[in-house]
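In my numbering, the protein residues as written are 14 to 176. Quick notes on the structure that follows.
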Amino acid sequence: GNTISNSSNGISLYYLGDNNTINNNIISNNNIGILLIYSGSDTTISGNHFSNNGDAIRLLNSYNVIITNNNFSNNYFGIGLWYSSNTTIFFNNFYNCFEGIWFNYATDIIVFKNNIINCEIGFDFFQSDNNNIQNNTFLSGGIVVTNSFYNIITNNIINGKIK
């Protein structure tokens with residue numbers, strides 16, 4: 014239930030282990046809203062409102078994170094997954110961003126039932142394998158895949174068409 018604004022990193026977890034919960038915060042005007050480095054294992058990020066951040070959420074070498082029921086507006090990146098794995102992202106809303114979710118060497122990520130509205134690129138995969146992307150809705154923008162393999166991308170609605 015915090016309001017966090019105008020800092021380099023709003024909330025940072027470095028080398029923290031299990032069972033972290035970040036819920037119901039207003040996070041705005043930061044370089045990075047939430048930063049997890051070598052953290053995760055049953056961390057939940059939910060019910061937060063992110064606006065006007067560089068990266069709303071950045072995971073770096075983190076795993077087993079659940080990101081759900083958050084609202085992202087006017088952030089450059091909604092979620093950046095850097096060398097991260099085994100994360101589930103669902104029921105989030107992304108509005109007016111450059112990229113909704115950036116996958117950079119990310120593996121075994123499950124992303125479903127998110128709304129991505131007016132983002133230049135909805136999801137961007139770079140060197141990211143074995144991810145499952147299903148039942149998301151994109152209005153303006155879509156999915157970019159570069160040097161990524163064995164991803165499942167099905168039943169997404171992109172600009173009114175099922176892909």
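Ideal Cβ positions, reconstructed from N, Cα and C, are used throughout, including at glycine. Keep in mind that this is a model prediction, so the values were computed, not measured.
Taken through DSSP and simplified to helix, strand or coil, S98 comes out as strand. Setting aside the 5 residues that flank it on each side, N37 is surrounded in the same chain by G14 and G60, each with a C-beta closer than 6 Å to its C-beta; the list follows chain order. Secondary structure of F116 (DSSP, three-state): strand. S86 and F63 have their C-alpha atoms some 6 Å from each other.
Classified as buried, T56 has 16 or more neighbouring CB atoms from the shown chains inside 10 Å of its CB. Looking at the backbone, the Cα of Y96 and that of K174 are separated by about 31 Å. A direct Cα-to-Cα measurement between I47 and N164 gives close to 26 Å.
At a Cβ-Cβ threshold of 8 Å, G113 and G91 count as neighbours.
Residue state for F104 is assigned as coil, using DSSP reduced to three classes.
Straight-line measurement puts the Cα of F111 at about 6 Å from the Cα of I134. In the DSSP assignment, S41 falls within the beta strand (DSSP E) that extends over I39 to S41.
In this structure, DSSP gives G67 a state outside helix and strand, which the three-state scheme calls coil. Counting only runs of at least 4 residues, the region 124 to 150 fully encloses no alpha helix (DSSP H) element at all. For F162, no pairing in a beta bridge is given by DSSP. According to the DSSP assignment, L48 belongs to the beta strand (DSSP E) that extends over I45 to I50.
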